[in-house]
Amino acid sequence: MHQQKYQERRKFTRDTPNNFKLCIVQSKGLACSLGGFSKDLLYMYADLKNCSDEGVLLDMPFKLPNGVVMNIALPDKDTGQWKVRPAKVSWSKKAEATKTFHTGIQYLTADSQSGEGLVWETDPEKPSPGDLFFFRLTGFFETISHVGLSLLLNSFQRIKVRPGERFICQGENGDSLYLIQKGICKVFIENEGNARKIAELKTGDVVGEMAVLTGEPRAANVEAQTDMVLWRLASKDFDALAEDHPDLRLFLTEIMSKRFETSVFVRDRTVGKYLLSNKIGKGGWGIVYRGMHKLLKMPVAIKMMKHDMAMEPVFLETFRREAEIIARMRHPNIVSVYDIEEIYRTIFIIMECLEGVSLKEMMKKVGPIPVERCVNILIQICNGLMCAHSYDIVHRDIKPGNIFLLADDLVKLLDFGLACASGTKDMNIAGTVYYASPEQIDGKPVDFRSDLYSLGIMSYEMVTGRRPFYEDNLSDLMDKYCKFDIPDPAEIIPDLDHNVREFIKKCTRCDPDKRYQSTQHAKKDLLKFYSQKQSPLSFPEKKERTVTSLLLFHTPEQQQGLKIILEEFGTKASEMGIKIRMSEFIDTY
Numbered sequence: 025m026h027q028q029k030y031q032e033r034r035k036f037t038r039d040t041p042n043n044f045k046l047c048i049v050q051s052k053g054l055a056c057s058l059g060g061f062s063k064d065l066l067y068m069y070a071d072l073k074n075c076s077d078e079g080v081l082l083d084m085p086f087k088l089p090n091g092v093v094m095n096i097a098l099p100d101k102d103t104g105q106w107k108v109r110p111a112k113v114s115w116s117k118k119a120e121a122t123k124t125f126h127t128g129i130q131y132l133t134a135d136s137q138s139g140e141g142l143v144w145e146t147d148p149e150k151p152s153p154g155d156l157f158f159f160r161l162t163g164f165f166e167t168i169s170h171v172g173l174s175l176l177l178n179s180f181q182r183i184k185v186r187p188g189e190r191f192i193c194q195g196e197n198g199d200s201l202y203l204i205q206k207g208i209c210k211v212f213i214e215n216e217g218n219a220r221k222i223a224e225l226k227t228g229d230v231v232g233e234m235a236v237l238t239g240e241p242r243a244a245n246v247e248a249q250t251d252m253v254l255w256r257l258a259s260k261d262f263d264a265l266a267e268d269h270p271d272l273r274l275f276l277t278e279i280m281s282k283r284f285e286t287s288v289f290v291r292d293r294t295v296g297k298y299l300l301s302n303k304i305g306k307g308g309w310g311i312v313y314r315g316m317h318k319l320l321k322m323p324v325a326i327k328m329m330k331h332d333m334a335m336e337p338v339f340l341e342t343f344r345r346e347a348e349i350i351a352r353m354r355h356p357n358i359v360s361v362y363d364i365e366e367i368y369r370t371i372f373i374i375m376e377c378l379e380g381v382s383l384k385e386m387m388k389k390v391g392p393i394p395v396e397r398c399v400n401i402l403i404q405i406c407n408g409l410m411c412a413h414s415y416d417i418v419h420r421d422i423k424p425g426n427i428f429l430l431a432d433d434l435v436k437l438l439d440f441g442l443a444c445a446s447g448t449k450d451m452n453i454a455g456t457v458y459y460a461s462p463e464q465i466d467g468k469p470v471d472f473r474s475d476l477y478s479l480g481i482m483s484y485e486m487v488t489g490r491r492p493f494y495e496d497n498l499s500d501l502m503d504k505y506c507k508f509d510i511p512d513p514a515e516i517i518p519d520l521d522h523n524v525r526e527f528i529k530k531c532t533r534c535d536p537d538k539r540y541q542s543t544q545h546a547k548k549d550l551l552k553f554y555s556q557k558q559s560p561l562s563f564p565e566k567k568e569r570t571v572t573s574l575l576l577f578h579t580p581e582q583q584q585g586l587k588i589i590l591e592e593f594g595t596k597a598s599e600m601g602i603k604i605r606m607s608e609f610i611d612t613y
């Protein structure tokens with residue numbers, strides 16, 4: 025009978041919510057037995073995986089005992105209005121990937137004895153369903169997973185402050201930040217009895233964030249000017265959660281980004297020796313700002329690496345080891361890295377500031393690129409990669425967004441922030457999966473041949489206007505990359521130059537041993553495209569020559585006769601292939 029009911033439940037139609045994917049679990053008498061809760065009321069958010077008419081599947085931060093009776097509050101799938109239903113735990117199983125517990129919750133009927141007497145109680149210190157609208161408006165949580173978001177919401181504590189009350193004191197050790205939901209406060213500095221107001225903050229602003237980012241003592245006082253509602257996040261709670269859920273670190277990235285983009289104070293936009301001005305780009309691994317060296321007044325581009333990577337100990341160790349080499353690389357086809365700063369719990373890469381357009385932007389506007397220009401771009405990329413590979417550095421993220429085209433058609437290879445030493449395992453499929461090599465997808469050691477594979481995928485897109493496989497399903501796409509060589513580009517472009525076609529095919533072999541075994545060989549095959557024409561990238565061979573100078577001192581009266589002699593000398597020299605450059609100056613004596 026039990027097995028039959030279980031099989032029937034497996035057939036229930038399940039919906040995956042598309043609105044915030046959260047619910048609230050509330051139970052009396054359970055909190056103290058679980059630990060970590062100071063009250064006799066368990067009131068917490070959980071990630072809502074799916075739901076049916078009979079119950080829900082949740083992701084919980086700890087294991088709940090089977091049979092525990094509770095209330096479940098979740099938004100109605102049709103109206104969005106939150107409803108409360110009595111329920112009990114049916115089963116719980118640990119999910120190793122998220123370090124949470126998948127928990128099956130069964131709804132209780134109104135006439136069920138175990139469902140009687142349940143009264144919904146709201147914890148005044150925890151976010152209510154009505155508060156979620158505010159949290160969403162702040163924009164700080166968009167990049168965080170729903171599992172991480174539920175844990176983070178559980179860590180916020182509601183604080184009410186009255187006018188004139190000081191909730192941050194200058195000089196004290198910072199142990200938390202505050203997110204302002206309601207009211208206005210002033211930030212001021214006291215020095216020898218004098219107070220100087222430096223800012224006024226309101227709804228949606230964050231205050232005290234340096235406590236989480238640097239741990240430094242409070243630099244100023246913060247005092248409420250009106251009744252305020254604040255959400256307090258203790259730095260120790262945040263760090264404990266971020267240890268198991270790295271995507272929570274993106275919360276720090278969003279806080280820093282808002283600070284850089286909205287603060288009018290120079291100190292809030294300063295990174296070491298550099299001053300940030302405006303955001304000029306955003307990618308999967310970082311945010312790029314325009315900036316300037318404060319002393320030299322030299323324009324630079326400053327890339328802030330996102331905190332989920334920068335706070336990962338293994339990645340940070342590798343990056344520090346390779347950063348010196350990356351900064352030392354100097355090549356016309358590689359963006360110059362001037363400096364690297366570690367501050368605010370992340371990494372800032374200071375680079376030369378470029379004016380132009382990315383290859384991604386260009387392809388989006390013009391579509392397929394003419395083959396001759398495509399070859400020109402690819403040869404310059406090969407030149408840059410040859411330099412990097414000579415330092416034993418693998419880029420790992422070759423894609424159109426990381427190729428920059430200057431106005432004079434000079435190509436710059438960007439973003440060595442993901443670079444690693446040859447032979448390093450790539451367990452996170454760094455970069456963009458659409459251009460990732462099979463060994464990157466499989467988490468195997470990578471070398472320069474991984475860069476060539478990505479270059480081949482990008483080359484295919486450059487000449488055909490599309491990538492080689494359909495991308496409706498990422499899992500299927502990665503499977504194809506690992507098992508099959510890509511289609512022949514000539515199927516789309518029948519008259520594609522043979523040399524370019526073979527370059528693309530050989531770069532993108534699944535087996536690295538069947539690809540080019542050096543970037544030089546790949547470039548050599550590309551240069552065959554110019555076998556019947558003069559390469560725009562080739563130059564006459566330079567030969568050594570000697571410059572001989574002869575000084576002739578003469579008066580104005582001797583000028584005419586000297587002119588005749590020089591004309592005869594010039595004719596003889598020209599016949600011998602000697603070039604003459606003449607200049608005159610006045611000598612007084």
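The opening position of the sequence shown corresponds to residue 25 in the numbering used here, with each subsequent residue numbered one higher. Note that beta-carbon positions come from the ideal geometry of N, C-alpha and C, so glycine has one too.
- K101 and R314 have their C-alpha atoms spaced approximately 44 Å apart.
- DSSP places P89 outside both helix and strand once states are collapsed to three, so it counts as coil.
- Counting C-beta atoms within 10 angstroms of its own C-beta, D475 has 16 or more neighbours from the protein chains shown and is therefore classed as buried.
- Ranked by how close their Cα comes to the Cα of I393, the residues L340, F284, P518, G489 have G489 in first place.
- Scanning its chain for C-beta atoms nearer than 6 Å, with the 5 sequence neighbours on each side dropped, one finds around T146 the residues S152, in chain order.
- Setting aside the 5 residues that flank it on each side, N197 is surrounded in the same chain by P241, each with a C-beta closer than 7 Å to its C-beta; the list follows chain order.
- Going by DSSP, R314 is part of no alpha helix (DSSP H) but of the beta strand (DSSP E) stretching over 310 to 317.
- By alpha-carbon distance to E385, the top candidate from I417, K423, V359, M328 is K423.
- At a cut-off of 4 residues, the continuous stretches assigned as alpha helix (DSSP H) that sit fully inside the region 293 to 356 are 331 to 334, 337 to 352.
- Taking a 10 Å sphere around the C-beta of Y494, we find fewer than 16 other C-beta atoms and assign the residue as exposed.
- Considering only H170, Q249, L176, K184, the residue with the shortest C-alpha distance to F212 is Q249.
- Partner residues in a beta bridge of W144, as assigned by DSSP, do not exist.
- For L177, the enclosing alpha helix (DSSP H) begins and ends at 170 to 179.
- With a cutoff of 8 Å on beta-carbon distance, M328 and T370 are scored as near each other.
- Contact between L82 and A70 holds: CB atoms are separated by about 4 Å, below the 8 Å threshold.
- For K389, the uninterrupted alpha helix (DSSP H) segment begins and ends at 383 to 390.
- Going by DSSP, V253 is part of the beta strand (DSSP E) stretching over 252 to 258.
- Judged by DSSP secondary structure, N523 falls outside any beta strand (DSSP E) and instead within the alpha helix (DSSP H) spanning 522 to 531.
- If you ignore the 5 residues before and after M486, its C-beta comes within less than 6 Å of the C-beta of I393, C398, all in its own chain and listed in chain order.
- Secondary structure of G217 (DSSP, three-state): coil.
- Here F275 carries a helix assignment [DSSP, helix/strand/coil].
- If you draw a straight line from the Cα of C534 to the Cα of K206, it is about 57 Å long.
- The beta carbons of S478 and S461 sit closer together than 8 Å.
- Here DSSP, grouped into helix, strand and coil, assigns N400 to helix.
- For S478, the enclosing alpha helix (DSSP H) covers residues 472 to 488.
- According to DSSP, F372 shares a beta bridge with M328, E365.
- By the 16-neighbour rule on beta-carbons within 10 angstroms, Q544 is exposed.
- D421 and D432 have their C-alpha atoms some 24 Å from each other.
- In summary, R539 is buried, with 16 or more beta-carbon neighbours lying within 10 Å of its beta-carbon over all protein chains present.
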